[in-house]
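*Asks:* Each protein sequence line maps, in turn, to chains A, B, C and D.
1 is the number of the first residue of the first sequence in the working numbering; add one for each residue after it.
89 is the number of the first residue of the second sequence in the working numbering; add one for each residue after it.
194 is the number of the first residue of the third sequence in the working numbering; add one for each residue after it.
339 is the number of the first residue of the fourth sequence in the working numbering; add one for each residue after it.
For reference, the structure I am asking about is given below.
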Amino acid sequence: MSNYLNILLYIQIGISVVCMYRIIRGPTIPDRMVGADIFGILVVGICAIISIQTERSFILDIGIAWIILSFIGTLTLAKYLTGKKLNE
Amino acid sequence: MISLIFITIGILFNLLGCIGIIRLPDTYNRLQAATKCVTLGCCSILLGVVFHFGFSDAGTKVLVAIPILFFASTVGAHALIRGTYHFGIKLGNKSVKDDYKDALK
Amino acid sequence: MKGMTLIVKKTTQLIGGMIFMYGIYVVAHGHLTPGGGFAGGVIIAGSFILITLAYGDDFLKLVGEKAGTTMVESFATIMVILIATSGFLFGTRIFFNNFLPKGVVGHLVSAGVLPLYNIFVGTEVAASIFIIFLSLIIFKEESSK
Amino acid sequence: MRYITMFILSLIFWLLLTFDLTVPNIIVGTVSSIICSLFFGRFFITNVYKLLQPRRYFWFVIYLFVFIWECIKANLDVAYRVLHPAMPIRPGIVKVKTTLKSDLAKMLLANSITMTPGTISVDIIDDNLYIHWIYIRSEDPEIYTGMITGAFEKYIKRIIE
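Here is the structure:
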């Protein structure tokens, strides 16, 4: 059971690393932002699996904080992409 | 045991989303594949955690996390796709229709 | 139309309070779990930044908010210094003296004065990060005129 | 009225998050809920008396099952398009007219559309939703309006309006 969970954890970390490919390589600016957004969601999965492995519940706190900050960052970047000022 | 099944399903969906983000040709289509698959995958992993911990402090915490994750990912995708259009990225060359261009004038 | 689209505005109405409560949770449990004053303060500032992004200056008047936030930040800093020096009154002369009863490990009210430090450091960090954001916005709007 | 609803919801959120019922925890939760409702009460939704009608919760549970089914279908659809060697995509942005009136209902409809097969909502202008679709199945506005919003609109109308 523990071995199987280890394999799943490594697969999930591998998926996040492949997501970094789109951040580094992406031809345009919005492509990099898509990569960053998806990376922020995938980290929650990593935190959840680690919390099962170690039987500690506080690792989930880190995941929730991460998703909130990632959401605010995505909205800010989208606001920048729209190219308007705050009150338009 | 039932939590392992949920986590496996979730990681399978995450893998599909990841393949989509690499293979598809256009920013809009990449966002399509990535948002749906990754959101459902991570919700499934969190459900697995709920079944593992049962009704305890960790379980209810995860139940709180699921709606936040859902709203964050869908609204983030909506804001990103609108920003991408306003930034000036054209739709891909396979696309057939564009009604939004008329609405902006 | 000010701010972002209707979808973002309505979701902000539903989720903004939740984010604020989560920040308070991280601050209040700072001596039991990872996190504490700084991380919770960043999340609290994030909820205000979210509202400013979504609504423009419909609800928060930007220049007025800047003055109010500066006052909150200064107040929190003074309170941290006061608590740190108030240990002088009890016994030996130690800076950051922990003079309150310690309580039981793992309970919410324990660890002496550490929760008070956490609360005021959280307030201070939230106010200063929000003020950095407001200053950048006001600077951009004034420089583009 | 809005402030009271905000207070109750944040107290429930606090109790779910901490999961213990000792007296100091409840006191801290009450104080922070009061602060939260002072700051965020004016941003909260109007018409909160609709939360007291039980039949809306019944329709909400049915809506959840429909929504999860559509979600799984969406993922299988995306999986088919991604894994197919020729990648059968035919993307474009279409305009859909909705009959829902209140703003909250429009938001819920747009968020649901984002999770259904092959569609992401791009913008809302008055009554029109602009939707990016990965495979446009027909050119007729009547048919694709039914295909996109038909599954959700009647439930959302019963839940919110």
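Heads up, the beta-carbon is just placed ideally off N, CA and C, and yes, glycines get one too.
Counting only Cβ pairs nearer than 7 Å, list the residues of chain D close to L199 of chain C.
*Replies:* Those are D441, K444, M445 and I462, listed as they occur along chain D.
*Asks:* Return the CA-CA distance between T148 of chain B and L354 of chain D, expressed in angstroms with no decimal places.
*Replies:* 6 Å
*Asks:* Using the beta-carbon count (16 or more within 10 Å), is P155 of chain B buried or exposed?
*Replies:* exposed
*Asks:* Leaving out the 5 sequence neighbours to the left and right, which residues in its chain are closer than 8 Å to S370 of chain D when beta-carbon positions are compared?
*Replies:* S348 and W352
*Asks:* Identify whether S440 of chain D lies in helix, strand or coil by the three-state DSSP scheme.
*Replies:* coil
*Asks:* Sorted by chain position, which residues of the same chain lie with C-beta nearer than 6 Å to L104 of chain B's C-beta, five sequence neighbours on each side aside?
*Replies:* C125
*Asks:* Compile a chain-ordered list of the residues in the stretch 143-161 of chain B whose CB is closer than 7 Å to at least one CB of chain C.
*Replies:* I156 and F159
*Asks:* Give the single residue among D:R475, D:E477, D:T483 and D:M453 whose Cα lies nearest to the Cα of N466 of chain D.
*Replies:* Minimum Cα distance to N466 of chain D is reached at D:T483.
*Asks:* Beta carbon of T343 of chain D, beta carbon of T162 of chain B: below 8 Å?
*Replies:* no
*Asks:* Please say whether E317 of chain C and A269 of chain C have beta carbons closer to each other than 8 Å?
*Replies:* yes
*Asks:* Look at the alpha carbon of R22 of chain A and the alpha carbon of G108 of chain B, and state the distance between them as a whole number of angstroms.
*Replies:* About 11 Å.
*Asks:* If contact means a Cβ-Cβ distance below 8 Å, which residues of the stretch 118-141 of chain B contact chain D?
*Replies:* Of all residues in the stretch 118-141 of chain B, those with a C-beta nearer than 8 Å to a C-beta of chain D are L119, Q120, A121, T123, K124, C125, T127 and L128, reading in chain order.
*Asks:* Between V314 of chain C and I472 of chain D, what straight-line distance do the alpha-carbon atoms span, to the nearest angstrom?
*Replies:* Between the alpha carbons of V314 of chain C and I472 of chain D lies a gap of roughly 49 Å.
*Asks:* Tell me which residues of the stretch 348-375 of chain D have at least one Cβ-Cβ distance to chain B shorter than 9 Å, keeping chain order.
*Replies:* From the stretch 348-375 of chain D, only F351, L353, L354, L355, T356, F357 and D358 have a Cβ closer than 9 Å to chain B.
*Asks:* Would you be able to state if there are at least three C-beta pairs under 8 Å between the stretch 63-70 of chain A and the stretch 211-227 of chain C?
*Replies:* Yes: the two stretches touch, three or more of their Cβ pairs being nearer than 8 Å.
*Asks:* Could you please give the first and the last residue of the uninterrupted alpha helix (DSSP H) stretch that includes V434 of chain D?
*Replies:* Premise fails: V434 of chain D lies in the beta strand (DSSP E), G430 to K435, not in any alpha helix (DSSP H).
*Asks:* If you count every other CB in all the chains shown that lies within 10 Å of the CB of M20 of chain A, and 16 or more means buried, which is it?
*Replies:* exposed
*Asks:* Taking the alpha carbon of T44 of chain A as the reference point, which residue from A:T54, A:A78 and A:S16 has its own alpha carbon closest?
*Replies:* The amino acid occupying residue 44 of chain A in the given sequence is Val; Thr does not appear at that position. Measuring from the Cα of V44 of chain A, the nearest candidate turns out to be A:S16.
*Asks:* Using a Cβ-Cβ distance under 8 Å, would K448 of chain D count as near chain C?
*Replies:* In the sequence as presented, Lys is not what sits at residue 448 of chain D; that position holds Ala. So, interface residue.
*Asks:* So who's on the other strand from I538 of chain D, going by DSSP bridges?
*Replies:* As shown, chain D starts at 339 and ends at 499. That puts residue 538 of chain D outside it, with no answer to give.
*Asks:* Are the CB atoms of H140 of chain B and T82 of chain A within a distance shorter than 8 Å?
*Replies:* no
*Asks:* If you follow the alpha helix (DSSP H) that S91 of chain B is part of, which residue opens it and which one closes it?
*Replies:* That run of the alpha helix (DSSP H) goes I90 to R111.
*Asks:* On a Cα-Cα basis, can you pick out the residue from D:I350, D:V399, D:I373 and D:R380 that is closest to R496 of chain D?
*Replies:* D:V399
*Asks:* For a contact meaning CB atoms closer than 8 Å, what does R111 of chain B contact in chain C?
*Replies:* Correct list: empty, because the minimum Cβ distance to chain C is about 28 Å.
*Asks:* Ignore the nearest five residues each way along the sequence and tell me which others in V273 of chain C's own chain have a CB closer than 6 Å to its CB.
*Replies:* Result list for V273 of chain C: F313, in chain order.
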